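Peer 1: One structure, as structure tokens, below. Some questions next.
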């Protein structure tokens, strides 16, 4: 598993997940329930993970849709 995206913006996470699933890339959303610890302030980022073999294509999909991963 490789980290593809880290963000505190739930709309970016949802959009990226929809794009990747549309390309048949399985996405694993980590830290979803961390809002319990930060009091729903949204200061703890959520992470999207993909399989090692899907990382290159997943990054290309996000880049083509202007979603910065911060890992280029």
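In this note's numbering, the protein residues as written are 1 to 72.
Using N, Cα and C, we set each Cβ at its ideal position, and we do this for glycine too.
If you're wondering where the values come from, they're calculated on a predicted model, not measured in any experiment.
1) Counting only runs of 3+ residues fully inside the segment 17-56, write out the beta strand (DSSP E) ranges in chain order.
2) Which residue wins for smallest C-alpha separation from residue 53, given the options 24, 43, 34?
3) What separation, rounded to the nearest whole angstrom, lies between the Cα atoms of residue 31 and residue 7?
4) Using 10 angstroms around the beta-carbon of residue 18, count the other beta-carbons present and answer buried if the total reaches 16, otherwise exposed.
5) Quick one: residues in its chain with C-beta nearer than 8 angstroms to the C-beta of residue 21, no 5 flanking neighbours on either side, listed in chain order?
6) Nearest to residue 2 by CA position, among 63, 14, 51, 62, is which residue?
Peer 2: Answer, in terms of the structure:
1) Counting only runs of 3 or more, we get 28-30, 46-50.
2) Along the chain shown, read from residue 1 onward, the residue named residue 53 stands at position 53. With distances taken between Cα atoms, residue 53 lies closest to 24.
3) For the purposes of this step, residue 31 is taken as the residue at position 31 of the chain shown. For the purposes of this step, residue 7 is taken as the residue at position 7 of the chain shown. Put simply, the backbone Cα of residue 31 is about 11 angstroms away from that of residue 7.
4) Taking the chain shown and counting its residues from 1, one reaches residue 18 at position 18. Exposed: under 16 other Cβ atoms inside 10 Å.
5) The residue labelled residue 21 in the question sits at position 21 within the chain shown. When the five nearest sequence neighbours on each side are left out, the beta carbons in the same chain lying within less than 8 angstroms of the beta carbon of residue 21 are those of 27, in order along the chain.
6) As a working mapping, residue 2 is identified with position 2 in the chain shown. Nearest option by C-alpha distance: 51.
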